[in-house]
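Below is one structure, written out as structure tokens; the observations come after it.
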Amino acid sequence: MRPLSLQFLIFVVTLSLLTNCKDKGFLETHWDHPLQVQNEINQNPSQSIQNFDPKECGTCHSNQWNKWKNSFHAKSIGNGFLWQKEILSRKEWDNCLNCHSPLPETKAILSETYQTREVLVSQKNHFPNGINNPSIQCASCHIRKDMVYGPPSRYGSLRNQDQYLNSLPHNGFKVQNEFTTSEFCKSCHESPSSGVSINGKRLMETYMEWGNSSFAKQGIQCQNCHMPDREHSWKGIHDEDFVRKAIETDWKIERTKSGELYVRAEFKSIAIGHKFPTYLIPKVYLRFYGIDVNGKRILMEESIIGRLLNTQLTEEYYDTRIEPKASHLVEFSYPIRNRNIQKVLWEIEVDPDEHYVRSFEESQNAKGSLLSQSTKEQIKLSLSEKKESRYTLFTLSLPVPVSLPQ
239 MRPLSLQFLI FVVTLSLLTN CKDKGFLETH WDHPLQVQNE INQNPSQSIQ NFDPKECGTC
299 HSNQWNKWKN SFHAKSIGNG FLWQKEILSR KEWDNCLNCH SPLPETKAIL SETYQTREVL
359 VSQKNHFPNG INNPSIQCAS CHIRKDMVYG PPSRYGSLRN QDQYLNSLPH NGFKVQNEFT
419 TSEFCKSCHE SPSSGVSING KRLMETYMEW GNSSFAKQGI QCQNCHMPDR EHSWKGIHDE
479 DFVRKAIETD WKIERTKSGE LYVRAEFKSI AIGHKFPTYL IPKVYLRFYG IDVNGKRILM
539 EESIIGRLLN TQLTEEYYDT RIEPKASHLV EFSYPIRNRN IQKVLWEIEV DPDEHYVRSF
599 EESQNAKGSL LSQSTKEQIK LSLSEKKESR YTLFTLSLPV PVSLPQ
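The sequence shown begins at 239 in this note's numbering and counts up one residue at a time.
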């Protein structure tokens, strides 16, 4: 019996190991950084997909390409990112590239680490015309080891689906439901558990914020809002119309017996599946102005929505972000005295890149003398881009009510 028991034990252990390997999730391997090169050195290039240039993909997927080329995915390697190479260690820089330029073939443009023979051969095979924009590309999400992956058909099941998929260009594609789930986005939009944590919160917890929301319970995924109809634009905090549709405002003004103005304003998140704003970069300013008979603006109150950290990412000053379906409430009284205020303006300004501006300016001041001229120029261009991203979301107006009878 003992030999039989030992054989059975070996069988169970082996089966367990095989099962664990087999059950390793698609996303776990799909986003296993650093990603593998697309083809082996000795592979016949004629047997692989030749051109990974997004423009080439656009010959058939024109809608996706046109949306992508104006998206932040296509701009992931910009001046604000590139200038930091001079102040980061190679390990830190390579870690940043995992999300900003996932493919080894595009990373090789930006990091010496990936300029190996294996990667350069694959780069030559798949980008025969070179790489002008080593950003987050079509292949970054959709191709691994020359196999194309994508979401299931939007139009229901297809007859002879396997035959249909195999008859498509580039030998068809492999259907993965994960492309339609929020978890697909987690790899780049959620700080690792081992990352920096301040006041019990990591720097980026978008996936967890969504997971704790009613949106997750209802099955509403990131893609439902940020990729409607599967468009590849990934709109967010930088898009005015996108944000306007996701929030709601309500406010009132009363005049007290003592002659003061009482203002109560509610800024509500109605269609945002995570904290607003998520991450620590953007800030939203709620400013209230009294307008006198001469049209002069008098600042009465200011409230800020966001998470403010120092640029060293070691201290948090406040976190006033709004939970999904919750509100940011502003209440205050303002003494009018002899000021002839006719109306009150509520102005809502969004600064999508506040933390970047503050951080880049501090780096420029502290390290400017140590940076190369080209890096200084990149910081200058980036700061200009970031400052220009500010916009006014709403400007609301209410008349000042007449004095209450004594």
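Cβ coordinates follow ideal geometry from the N, Cα and C atoms, glycine included.
Contact belief for residue i with residue j at Cβ below 8 Å, rounded distance in angstroms
i: R559; j: P590; result: At roughly 14 Å, the Cβ-Cβ gap does not stay under 8 Å, so R559 and P590 are not in contact.
i: T487; j: E469; result: Wrong, their Cβ atoms sit about 27 Å apart, outside the cutoff.
i: P227; j: L273; result: This structure gives no information on residue 227, because the portion of the chain shown stretches from 239 to 644.
i: K383; j: Q276; result: 6 Å
i: L621; j: L518; result: 18 Å between Cβ atoms; not a contact.
i: M446; j: E421; result: That pair is no contact at about 11 Å.
i: Y523; j: E587; result: 5 Å
i: I491; j: V582; result: 6 Å
i: R525; j: E569; result: About 15 Å separates the two Cβ atoms, so there is no contact after all.
i: R545; j: P639; result: Not really, about 36 Å apart at Cβ, beyond 8 Å.
i: C295; j: C376; result: 4 Å
i: N363; j: Q288; result: 7 Å
i: W489; j: L634; result: 7 Å
Element boundaries [alpha helix (DSSP H), containing residue i]
i: S635; result: Unbroken run through S635 is the beta strand (DSSP E), 629-637; no alpha helix (DSSP H).
i: V357; result: 355-364
i: W331; result: 328-338
i: V595; result: 592-605
i: T613; result: 611-625
i: A312; result: Element bounds for A312: n/a, residue is neither H nor E.
i: F422; result: 421-427
i: F264; result: 264-268
i: H299; result: Note, H299: premise wrong, no alpha helix (DSSP H); not H, not E.
i: E416; result: E416 -> no alpha helix (DSSP H), and no H or E assigned at all.
i: L341; result: Note, L341: premise wrong, no alpha helix (DSSP H); not H, not E.
i: S378; result: 376-380
Own chain, CB closer than 6 Å to residue i, minus 5 neighbours either side, in chain order
i: Q306; result: In the sequence on display, residue 306 carries Trp and not Gln. Within the same chain, W306 has close Cβ partners A312, H470.
i: I543; result: V522, T558, H566
i: Q245; result: Caution is warranted here: a pLDDT of 44 is assigned to Q245, below 50, making its placement in the model unreliable, and the coordinate value is therefore given only provisionally. Nothing meets the Cβ criterion.
i: D479; result: none
i: K624; result: D591, Y594, V595
i: N361; result: First, the residue type needs correcting, since residue 361 is Gln and not Asn in the sequence shown. Hits under 6 Å: E343, A346.
i: W448; result: S420, A454, G511, H512
i: P637; result: K581
i: S378; result: P340, L341
Start and end residues, beta strand (DSSP E) containing residue i
i: P573; result: 565-573
i: Q322; result: Q322 -> no beta strand (DSSP E), and no H or E assigned at all.
i: I586; result: 579-589
i: Y555; result: 554-557
i: V386; result: 385-388
Contacting residues, own chain, Cβ-Cβ under 8 Å from residue i (five flanking each side not counted)
i: N392; result: Rather than Asn, the amino acid found at residue 392 in this sequence is Arg. Here the set comprises R468.
i: F632; result: R482, T487, W584, E585, I586
i: S571; result: T494, E498, L499, Y500, V501
i: R535; result: Y527, G528, I529, L583
i: M465; result: S471, W472
i: G388; result: H380, F411, K412, V413, Q414, F417
i: K293; result: W303
7 Å Cβ shell around residue i - same chain, five flanking residues per side excluded
i: N333; result: none
i: F453; result: G511, P562
i: Q461; result: T418
i: P390; result: V413, N415
i: L265; result: E416, E421, F422
i: S627; result: H476, P590, D591
i: Q353; result: A346
i: V357; result: V275, P342, E343, A346
i: L609; result: E324
i: S597; result: T549
i: P643; result: In this prediction, P643 has a pLDDT of 48, which is less than 50 and means its spatial position is unreliable; what the coordinates show is noted afterwards. So no residue of the chain qualifies.
i: Y556; result: L546
beta-carbon residue i near the ligand MN non-hydrogen atom, thresh 7 Å
i: P430; result: With respect to the ligand MN, the structure offers nothing, as it holds no ligand at all.
Exercise for the section: Specify whether the region 614-626 and the region 304-319 touch according to this definition: at least 3 beta carbon pairs, one from each stretch, less than 8 Å apart. Expected result: yes
Practice task
Report yes or no: do the region 341-360 and the region 369-376 share at least 3 C-beta pairs separated by less than 8 Å?
Solution key: yes
Problem - Sequence ranges, beta strand (DSSP E) only - wholly within the region 478-513, length at least 3 - result: 485-493, 498-507
Handout entry: Inter-stretch contact at 8 Å, needing at least 3 Cβ pairs: the region 497-513 / the region 547-566
Key = yes
Handout entry: alpha helix (DSSP H) segments (min. 4 residues) lying fully within the region 440-481
Key = The qualifying runs are 444-449, 452-455, 460-464.
Handout entry: Segment contact flag, the region 528-546 with the region 573-586, C-beta cutoff 8 Å, min 3 pairs
Key = yes
Exercise for the section: Report yes or no: do the region 469-484 and the region 535-545 share at least 3 C-beta pairs separated by less than 8 Å? Expected result: no
Handout entry: Inter-stretch contact at 8 Å, needing at least 3 Cβ pairs: the region 540-556 / the region 434-449
Key = yes
Practice task
Give, in chain order, every unbroken run of the beta strand (DSSP E) that is at least 3 residues long and sits entirely within the region 513-557.
Solution key: 521-530, 535-547, 554-557
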